[in-house]
Each structure stands twice: as C-alpha cells, then as structure tokens.
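Please read the structure below before turning to the comments.
Protein chains in written order, with the UniProt record's numbering: chain D, 1 to 185; chain C, 1 to 95.
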C-alpha cells in the first residue's frame, strides 16, 4: 500500500513537472511530444487506480492519435507559438486559477477514495451489475460487460461518431495535401 | 522483488524525464520520450504483477505498440517536414 502511495506521489510530481515545462515552451514541436508524455503519465496513474479501461483510452487517444494529429497539423502550419501580450496573459492566468479553485472546491464534496458509504457501494443496482452480471453475460470485467452488452447500442453510436470525426479530419488533411501537390506542379 | 523493480523503473523514469526537459537538441528529446514510453510499459507490467492482476500485461503491450507508432510519426515529421504522405514524389516516403 505504501508503495502505491509513493508511486502515486512520484507520478503526480512527474505530471506537474511536465505541465510546467509545457507551459514554458514556445516551440510547439517538443510541446506535441510532451503532451503525449503527459498522457502516458496520466494513463499510468489510471492504471494505479485500477481503471485499465480508462488508461487504455487515454494512452490510445492522448499519446497515440493526438500526437500524430498535432504533427500532421504542424506540417500544414508553422510550429512556433505567437508571442501574446502581457495583459492577455494575465487574463488567462486569472481564468485558469479561478477554474482550478472551483475544481478543487468541488472535489471537497467527493467521497474519499474507497469509502464504504458512497452510492456506488450502497445502491441496490450494485448487486445487479457486479454480481448478477457474471451469470447474465459471463464477461469477467464489469466495465466491458456494461460497455459492450448492457449499453451496446450506445457504444455502437459512439463508435460511429468517433469514426465520422476521424474520417472528417482525414478528408480535411488529405484535401490540403492535394492542393499542395497541384501547387508544385 | 517487484517493489525493487518498481523503484528502479521509477528512478530511471526520473532520470529520463530530466533528459526530456534539459535535452539540448530535439533528437535528445525524441530519444528520451521514446525511452520514457518504454519505461511506462515496464512500470505497468510490473504494477500488474505487484497488484496481483497480471491482465495488465495486455495494457503494457498496447502501450508498446502506441509508443512505436508515435516515435515513427515524430521521426517522419523530422525527416520530411510532414508525415511523408506525398509518396508519388518520393517513393521511399512510406518505408
């Protein structure tokens, strides 16, 4: 248990270090790679919290697809951040701190990690999903059972949305590529 | 034994992170980030066995694949300035 706490602490320190480095950089190319690193770190944290499904999504989307999309964008635009006026930076800082303070305040209302009296533990549906699911659907992982069977149509719709979005991005990037080629010719 | 492994991997992660943040050239950063991904794979694999849930090994395998694809994309960007798509101009672009 102590090892897990120490690991949690270490990974969070890594996260903060990467976030500060991200904020300080002006050249966007290392920023794209560091964002992927940030994703990998948070995916490790999710794994530590016993949420492998979330970790898998975070790694695939955050570290894999987003990095490649950022790089493809840099191929079309320039990879350097424009300097921002100091007054606008102050506004951004204030908004960021206000949002952060609100989130911290909201997290005070959350139950403690692993608490016994949360709705997750006391609600009658808990038996339905965690116990009866094993006989009904026979998938060892409850999250997978919910995603693929209990709300299978919802997941299908979600997949269609993500597929359409990916297709749209590919069409947009592909069109500009053709444009570039006809300019060369 | 798993604890010793976890501590060792966490230490190497720290060293690699220092190289990512300090690395003078972009290539240092790319190499360091690739290494960091490999360390994450190791960390998650070790974590699975440490927590008694060796199924996490699947997760580690997926990370290994993603890490590989990400590094290839970054290096292609460095080489060609884009992802090497216009292959009719350069035949070796998609190698």
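Virtual Cβ for every residue (Gly too), placed ideally from N, Cα, C. Computed from a predicted structure; not experimentally measured.
Pick helix, strand or coil for residue i, following the three-state DSSP scheme.
i, result
"residue 27(D)", "strand"
"residue 19(C)", "helix"
"residue 126(D)", "helix"
"residue 29(C)", "helix"
"residue 151(D)", "coil"
"residue 80(D)", "strand"
"residue 11(C)", "helix"
"residue 16(D)", "helix"
"residue 69(D)", "helix"
"residue 8(D)", "helix"
"residue 102(D)", "helix"
"residue 113(D)", "coil"
"residue 119(D)", "helix"
Going straight from the alpha carbon of residue i to that of residue j, what length do you get?
i, j, result
"residue 59(C)", "residue 163(D)", "23 Å"
"residue 139(D)", "residue 48(D)", "22 Å"
"residue 76(D)", "residue 151(D)", "39 Å"
"residue 92(D)", "residue 72(D)", "27 Å"
"residue 69(D)", "residue 78(C)", "15 Å"
"residue 16(C)", "residue 35(C)", "7 Å"
"residue 112(D)", "residue 54(D)", "20 Å"
"residue 87(C)", "residue 64(D)", "Residue confidence is low: residue 87(C) scores 49 on pLDDT, short of 50, so the model does not pin down where it sits. No coordinate-derived value is stated."
"residue 39(D)", "residue 127(D)", "34 Å"
"residue 40(C)", "residue 46(C)", "10 Å"
"residue 117(D)", "residue 130(D)", "17 Å"
"residue 35(D)", "residue 132(D)", "41 Å"
Give me the Cβ distance between residue i and residue j, rounded to the nearest whole Å; I'm assuming they're in contact under 8 Å.
i, j, result
"residue 30(C)", "residue 25(D)", "Not quite, the Cβ-Cβ distance comes to about 15 Å (not below 8 Å), so this is no contact."
"residue 63(C)", "residue 44(C)", "7 Å"
"residue 14(D)", "residue 13(C)", "7 Å"
"residue 37(D)", "residue 6(C)", "About 19 Å; that fails the 8 Å criterion."
"residue 22(D)", "residue 31(D)", "6 Å"
"residue 26(C)", "residue 29(D)", "7 Å"
Under a Cβ-count criterion, where at least 16 other Cβ atoms within 10 Å of its own Cβ denotes burial, should residue i be classed as buried or exposed?
i, result
"residue 66(C)", "buried"
"residue 104(D)", "exposed"
"residue 71(C)", "buried"
"residue 55(C)", "exposed"
"residue 99(D)", "exposed"
"residue 120(D)", "exposed"
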